[in-house]
Amino acid sequence: MTSIVWFRRDLRLEDQAALLAAVGRGRPIAPVYILDDETPKHRQMGGASRWWLHHSLKSLDAALRARGSRLILRKGPAAQVLAQLAREVSASAIHCLRHYEPWWRNAERSLQEILPVGTSLIRHEGLYLMPPGSVKTGSGGQFKIYTPFWRALSQHMPPPPPRAAPTHIPAPEAWPGSDNLDDWKLLPSQPDWSGGMQAFWKPGEDGAKERLAAFLPKAGRYQEKRNLPSIPGTSFLSPHLHFGEVSPARLWHAAMDAGGSVETYLKELVWRDYAANVILQFPDYGARNARGSFDHFPWRNMSDENVRRDFRLWTKGQTGYPIVDAGMRELWATGWMHNRVRMIAASFLIKHLLIDWVEGEKWFWDTLVDADYASNAVNWQWTAGSGVDSNMFVRIMAPLSQSEKFDAGAYIRQWVPELAHLSDPYIHDPEEFGMRPAAYPSKIIGHKAARERALAAYAMIKESG
Ligand code: FAD
């Protein structure tokens, strides 16, 4: 009898409850990753995520091999592929960490229905600080607003201390067949746009450990630095967390042990838990307004060529707003964007360009290495004001004053080289000072005109709630 360990967004050996439980049973273990591009309604990974996944799987396989095991790769509808593998290896159990995206919940349900007799599915927790759905309001309901959620969750902290990776993982007598990772063609080619990502990231558990080690000495100054895009003041751990290469419990304990004032950092980590709780309540949050009145919002129509052009300029970092352009170019080059700039760029698309947040969500989904269904949807709906939490639509961020306030001069110089020669007061708004170089575009729309247009559009749905 064999145990299967089913890896998904939990590509680590340390503090991996499913793997540790399987090892604890003392039976041979077949670790498997299934690329599911076929199940209807399964949200396929974007390009940047696929690049990350390739390298992360390679790293996981190497770590397993160092412990006497290896990673089996299979492709197809996850539930069917697992049921088939369970028959092949006569599995008594499939261990996995519970996932909360709607398509993974469906897969777990379908799997239970088609499991061979004698095989059980054993689900463990470990993707979040607390299992989504388990932190309840006083009356036993689910939280919709972040602050009370944080207050309630923090009562249960700290999480249990992280557990070490197993030193040896027993192998099956014969290894079941596996796909070849390169045949999955997860890496971009023609053109290969991954050079900037390659230079900036090291996917996998070792890469996560290195990022954590670099962050901990700075953790105590997180609150002071986290909003300044010119400074690497945040952890850069989001893609590692998304792919489960480090557990949130490990980060919680590491931050507490680092000392200093880390509460702001811990609160950010809890935003991730909050987002998972929201999608558990609203599974289609990534595509559908939670606030129904937004279904009637007069967004500009993407079938209009002018609107598509504006969207393209936004994606390419050619809006004429240096802070927005710097962010969008950082995203394209590295697969990541500073959180403050994500807020500014998202607000710009929604309010200045009056383009439905769903379009921005899709672009981020494709280009972010940390693209996460829950976190992406929750942050886009939060920016739009269409979400379950408070309505932020009328908070229209002025990109130029945000740029000055958060001291983005050096950041713009790094990502918008056409403006690198400009000194600080001018770089945030070269057009205003008559210093816009010919190579840099004029503003796509003036801030005042955009603001008035957005507020007028919003007035049209305001009465309906
Ligand atoms: P740190 O500042 O070091 O924060 C620690 C961790 O907390 C992060 O690694 C992340 O896991 C979590 N976190 C921080 N802020 C948030 C937040 N607002 N919401 C949820 N989790 C948070 N984050 C994603 O992980 N995936 C996404 O797809 C994503 N899309 C976003 C879209 C928009 C429009 C906006 C405004 C934000 C989005 N974020 C997303 C949240 C945030 O920008 C990133 O998590 C953060 O920038 C990651 O950098 P870091 O690891 O250095 O974060």
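In terms of our numbering, the sequence shown opens at residue 31 and continues consecutively. Yeah, the Cβ is synthetic: ideal placement off N, Cα and C, and Gly gets one too. Quantities reported herein were computed from a predicted structural model and do not represent experimental measurements.
- Between Pro467 and Glu448, the C-beta gap is smaller than 7 Å, which places the two residues in contact.
- Taking every protein chain shown into account, the CB of Met367 has 16 or more other CB atoms within 10 angstroms, so this residue is buried.
- Secondary structure note for Lys435: its alpha helix (DSSP H) is the uninterrupted segment Pro429 to Lys435.
- For Leu65, the three-state secondary structure derived from DSSP is strand.
- Annotation: Met187 to Trp301 spans about 15 Å, alpha carbon to alpha carbon.
- At a cut-off of 6 Å, the beta-carbon of Trp301 counts as near ligand 1: some heavy atom of the ligand is closer than that.
- Judged by DSSP secondary structure, Arg104 falls within the beta strand (DSSP E) whose first and last residues are Ile102 to Lys105.
- Annotation: the segment 359-412 contains the following complete segments of the alpha helix (DSSP H) (minimum length 4 residues), in chain order: 369-377 and 387-397.
- Cα atoms of Glu68 and Glu118: separation of roughly 21 Å, rounded to the nearest angstrom.
- Scanning the segment 308-368 from its first residue to its last, the whole alpha helix (DSSP H) runs of 4-plus residues come out as 335-346 and 352-364.
- Counting only runs of at least 4 residues, the segment 127-165 fully encloses the following alpha helix (DSSP H) elements, listed from N- to C-terminal order: 132-144.
- When DSSP reads this structure, Ala121 sits in a beta bridge with Thr32.
- Remark: the shortest separation between the CB of Phe179 and any heavy atom of ligand 1 does not fall under 6 Å.
- Under the Cβ criterion (8 Å, minimum of three pairs), the segment 71-80 does not count as touching the segment 161-174.
- DSSP links Ile491 through a beta bridge to no other residue.
- In this structure His458 is buried. Its beta-carbon is surrounded by 16 or more other beta-carbon atoms within 10 angstroms.
- By the Cβ criterion, the segment 371-389 is in contact with the segment 327-337, since at least three pairs of Cβ atoms, one from each stretch, lie closer than 8 Å.
- For the pair Val399 and Pro269, the CB atoms are nearer than the 7 Å cut-off.
- Straight across, the Cα-Cα distance linking Glu389 with Arg372 is about 14 Å.
- If only complete runs of 4 or more residues are kept, the segment 225-249 shows the alpha helix (DSSP H) at 225-230 and 235-245, in order along the chain.
- For the pair Pro192 and Ala279, the CB atoms are nearer than the 7 Å cut-off.
- Considering only Gly415, Leu299 and Pro247, the residue with the shortest C-alpha distance to Tyr488 is Gly415.
- Closest by C-alpha distance to Arg97, out of Ser140, Phe423, Ile491 and Arg42, is Arg42.
- Per DSSP, the beta-bridge partners of Gln172 are Lys166.
- Taking Ser291 as the centre and dropping the five residues before and after it, the same chain places the C-beta of Gly250 and Gln253 closer than 7 Å to its C-beta, in chain order.
- By a beta-carbon distance limit of 8 Å, Thr32 contacts Pro202. Their separation comes to about 5 Å.
- Take Ser99, set aside five residues on each side of it, and the residues of its chain with a beta-carbon closer than 7 Å to its own are Ile59, Pro61, Ile199 and Ala201, in chain order.
- The C-beta of Pro233 has 16 or more other C-beta atoms within 10 Å across all chains shown, which makes the residue buried.
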